[in-house]
Amino acid sequence: GAVVSQHPSWVICKSGTSVKIECRSLDFQATTMFWYRQFPKQSLMLMATSNEGSKATYEQGVEKDKFLINHASLTLSTLTVTSAHPEDSSFYICSARDPDRGEGGYTFGSGTRLTVV
Amino acid sequence: AQKVTQAQTEISVVEKEDVTLDCVYETRDTTYYLFWYKQPPSGELVFLIRRNSFDEQNEISGRYSWNFQKSTSSFNFTITASQVVDSAVYFCALTLNAGGTSYGKLTFGQGTILTVHP
Numbered sequence: 003g004a005v006v007s008q009h010p011s012w013v014i015c016k017s018g019t020s021v022k023i024e025c026r027s028l029d030f031q032a033t034t035m036f037w038y039r040q041f042p043k044q045s046l047m048l049m050a051t052s053n054e055g056s057k058a059t060y061e062q063g064v065e066k067d068k069f070l071i072n073h074a075s076l077t078l079s080t081l082t083v084t085s086a087h088p089e090d091s092s093f094y095i096c097s098a099r100d101p102d103r104g105e106g107g108y109t110f111g112s113g114t115r116l117t118v119v
Numbered sequence: 162a163q164k165v166t167q168a169q170t171e172i173s174v175v176e177k178e179d180v181t182l183d184c185v186y187e188t189r190d191t192t193y194y195l196f197w198y199k200q201p202p203s204g205e206l207v208f209l210i211r212r213n214s215f216d217e218q219n220e221i222s223g224r225y226s227w228n229f230q231k232s233t234s235s236f237n238f239t240i241t242a243s244q245v246v247d248s249a250v251y252f253c254a255l256t257l258n259a260g261g262t263s264y265g266k267l268t269f270g271q272g273t274i275l276t277v278h279p
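Going down the list, the sequences are from chains A and B.
Remember, my numbering sits 2 above the position in the first sequence when you count from 1.
Remember, my numbering sits 161 above the position in the second sequence when you count from 1.
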């Protein structure tokens with residue numbers, strides 16, 4: 003299947019700073035990417051849907067001004083956590099529809115573990 | 162709205178035992194996809210299987226097998242002769258078919274932590 007490359011794998015930042023997470027689709031174009039968040043020992047919750055060339059669609063309860071999503075090209079989507087606070091510490095993971103798996107197939111990035119101190 | 166329930170929070174077995182992970186889902190749509198993913202300690206999600214709502218055939222892949230029953234809205238996952246390397250968190254997930262506003266959005270269950278002891 004296709005590969006989604008996500009960077010960084012982990013990041014530690016100070017409270018109040020911003021952190022950018024990148025997801026790149028390798029060898030395929032991803033017009034739509036999805037961003038999920040996972041707290042320790044919990045499930046994955048969809049945060050937003052990233053659409054190439056247009057504004058992201060955020061799920062209810064997700065602050066769009068805090069979690070900025072940019073999908074400027076068909077192979078790159080970024081999530082920026084602005085003015086990060088300790089409660090933003092979490093595991094963030096992106097996904098894209100895998101063209102090799104046909105309808106309903108998705109491939110995930112390797113995830114980013116964010117720790118805000 | 163869709164919902165996926167994995168009632169088993171944690172399961173602990175001894176190597177070579179068979180283990181079944183339960184998954185029950187809720188959706189009003191007639192067309193959807195069900196998935197199982199494995200999440201090892203490193204965090205990445207490993208795709209295991211996808212099942213279309215129109216295909217109720219059970220599937221076997223090596224030591225893994227899946228039982229899909231629409232009548233009970235269940236999609237259970239069995240590992241035969243478990244191994245220590247099977248230790249991970251397993252997630253069941255659902256997404257609607259193309260055309261709906263929820264297309265592409267995966268709804269995950271709470272996950273089941275499987276620990277296989279040597």
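Positions of the beta carbon are idealized from the N, C-alpha and C atoms, including for glycine.
Model, not experiment: these values are computed from the prediction.
Using a Cβ-Cβ cut-off of 8 Å (strictly less than) and excluding sequence neighbours within five positions of residue 47(A), which residues of its own chain qualify? 38, 39, 40 and 61
Pick out whichever of 81(A), 114(A) and 42(A) has its Cα sitting closest to the Cα of residue 59(A). 81(A)
Measure the beta-carbon distance from residue 239(B) to residue 179(B) and round it to whole angstroms, keeping in mind my assumption that it falls under 8 Å. 6 Å
Status (buried if at least 16 other CB within 10 Å, exposed otherwise) for residue 73(A): buried
Which chain A residues are close to residue 267(B), counting only those with a beta carbon under 9 Å from its beta carbon? 36, 38, 46, 48, 97 and 108
Rounded to the nearest angstrom, what separates residue 237(B) and residue 17(A) at their Cα positions? 42 Å
In three-state DSSP terms, what is residue 246(B)? helix
Around the Cβ of residue 8(A), are there at least 16 other Cβ atoms within 10 angstroms (buried) or fewer (exposed)? buried
Check the Cβ-Cβ distances between residue 115(A) and every residue of chain B, and say whether any is below 9 Å. yes
What does a CB cutoff of less than 8 Å around residue 212(B) pick up in its chain, not counting 5 residues either side in sequence? 194, 195, 196, 220, 227, 229 and 236
Continuous beta strand (DSSP E) stretch holding residue 118(B): start and end: Because residue 118(B) is not part of the residues shown, which for chain B are 162 to 279, the question remains open.
Just the chain A side, please: which residues come within less than 9 Å of residue 252(B) by C-beta, in chain order? 45 and 46
So, residue 243(B) versus residue 171(B), is the Cβ gap smaller than 9 Å? no
From residue 85(A) to residue 116(A), what distance separates their C-alpha atoms? 13 Å
Residue from 250(B), 223(B), 166(B) and 277(B) whose Cα sits closest to the Cα of residue 184(B): 166(B)
Cβ neighbours of residue 97(A) in the same chain (closer than 6 Å, five flanking residues each side left out): 36, 108 and 110
Can you find a C-beta in chain B that's less than 9 Å from the C-beta of residue 41(A)? no
Do we get a CB-CB distance below 9 Å when we pair residue 30(A) with the residues of chain B? no
Taking buried to mean at least 16 other C-beta atoms within 10 Å of its own C-beta, is residue 181(B) buried or exposed? exposed
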